[in-house]
Structures are given as structure tokens and as C-alpha cells.
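What follows is a set of notes on a single structure, which appears directly below.
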Amino acid sequence: MNGETPEKLTPDEVCQVIGERVRERRLALGHSMERFADICGLSLGMLSKIENGQTSPSIGTLTRLANAGDVPLTALFRGLDEEHDAVIVPEGGGLEIAHEGGGDGRTYHDLGALRGPNRQIEPVLVTITEPDEVFPIFQHAGVEFIYMVAGTVEYGYGSKRYILTRGDTMQLHGDIPHGPTALLELPIQFLSLKIH
Numbered sequence: 020m021n022g023e024t025p026e027k028l029t030p031d032e033v034c035q036v037i038g039e040r041v042r043e044r045r046l047a048l049g050h051s052m053e054r055f056a057d058i059c060g061l062s063l064g065m066l067s068k069i070e071n072g073q074t075s076p077s078i079g080t081l082t083r084l085a086n087a088g089d090v091p092l093t094a095l096f097r098g099l100d101e102e103h104d105a106v107i108v109p110e111g112g113g114l115e116i117a118h119e120g121g122g123d124g125r126t127y128h129d130l131g132a133l134r135g136p137n138r139q140i141e142p143v144l145v146t147i148t149e150p151d152e153v154f155p156i157f158q159h160a161g162v163e164f165i166y167m168v169a170g171t172v173e174y175g176y177g178s179k180r181y182i183l184t185r186g187d188t189m190q191l192h193g194d195i196p197h198g199p200t201a202l203l204e205l206p207i208q209f210l211s212l213k214i215h
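One point on numbering: in this note's numbering, the residue at position 15 of the sequence shown is 34, and numbering is uninterrupted.
This is the structure:
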């Protein structure tokens, strides 16, 4: 699923949806086309074209339609961009991913990613169960938020070192070198949220 480009809308599709919303609202109010056109200050022919998706109404016309329908302007666009994925990962789930620093006693589970070419958030559950003296240093774009689930770790950020234990959080800039520098109490588990 990752890497799929979002579906592009055509102007005709947008006009069709706007027309459907206008017709739905007019009918919900119990107005004939003639009455609603009069309230909007539009000709009957123009309202007919809008409701049938045959014309692209101006912002001014859209505003009049929304006001006459007693709805916010955005209500006329309802349905255009509502097809978003929700990603649910059951407890203990998540795709185990190959990650720098992974290997025996270290696992990285991706806890879900929304589709699209530009991943905005990267949630990863990191579990360390075996001692290891080799610690990767990470650098990446954006910011990272860490929440300690279990254990105690010394975490390096630039030239500084911080002790993080269960319940602690840390927020950092991804372009500064960072990563575990000492495993103080195993097992260690933390949630890493990278925001790009």
C-alpha cells in the first residue's frame, strides 16, 4: 500500500459532487428549483446547470448557495476528500521491519503507515532484549518523539546523554545525531514517532 499516489480529482468530478450537495440541501429544505434559485439570486438555468454538474460555480455563487442552504461553504464539498485510510494494528502486531541497528535481541515493528507518497508520521515500536555494545547513531529529517514503555536506557543526543526510564518521553530534532548509548535495564521498549 505504501507509495501509492492519491487519486486525483477532475474538475468535472468536483462539479458533480457540488451539484449533488446543492440538490440534497435544496430538497432537505423542501424548496422547488424555482424557489431556491430565487433565494440564491441565481437564474433557474444556472441552478439547473450547477445541480447537474454542468458548470463550475464561482466562489461568489458557492457562497450564495451555502447561505441559501444555511450550511457552511465547506458542506458543498463534502465527499470529495473523505476517503482516507485508517490503520489499525492489533496489540502485539505490526510489521517487523529491517532497520539499522536491528538484529539479535533488537526488533523494530512498524505500527502502521497511511498510504500516499509522503509519509508524515512513522510510528515504530523498538524492543531491545539482548545486551550489545554496538549502538547505531541515527540522523533523519523532521522531529522524533520517544515514549519509554519498559526498561532504562542512556540515550545520546548530540554531545549530551539522558537517562530514560518507563514513562519518560523525549522529543528531539532528527538531524542531530541520536540513539541509545547504554542499555541500563533490559528489556527495553520504546515507541518512536518520527514526524517528517
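C-beta atoms are modelled at their ideal positions from N, C-alpha and C, and glycine is treated no differently.
Note that the structure is a prediction, hence the values are computed from the model and not measured.
Residue i and residue j closer than 7 Å at C-beta
i, j, result
"L84", "V41", "yes"
"T157", "G122", "One point to set straight first is that residue 157 is Phe, not Thr, in the sequence displayed. Cβ atoms of F157 and G122: not closer than 7 Å."
"T126", "E141", "no"
"T148", "G124", "yes"
DSSP state of residue i mapped onto helix, strand, coil
i, result
"E163", "strand"
"G111", "coil"
"Q73", "coil"
"L61", "coil"
"L81", "helix"
"G88", "helix"
"F209", "strand"
"K27", "coil"
"T148", "coil"
Alpha carbon of residue i to alpha carbon of residue j, nearest angstrom
i, j, result
"P150", "G113", "23 Å"
"V143", "H159", "14 Å"
"I58", "E110", "55 Å"
"E152", "V36", "59 Å"
"T82", "L95", "10 Å"
Contact set for residue i: own chain, Cβ-Cβ below 7 Å, skip 5 residues either direction
i, result
"R97", "R40"
"G193", "Q158, H159, A160, G161, V162, E163 and K213"
Beta-carbon proximity list for residue i, same chain, < 6 Å, skipping 5 on both sides
i, result
"R181", "The question names Arg, yet the displayed sequence has Tyr at residue 181. Only Y174 meet the Cβ criterion."
"T146", "T126 and Q208"
"G22", "Reliability of the predicted coordinates at G22 is poor, the pLDDT of 44 falling under 50, and the value obtained from them is presented with this limitation in mind. None."
Where the alpha helix (DSSP H) through residue i begins and ends
i, result
"R45", "P30 to L48"
Endpoints, beta strand (DSSP E) assigned at residue i
i, result
"D129", "R125 to D129"
"Q190", "T188 to H192"
"L183", "K179 to T184"
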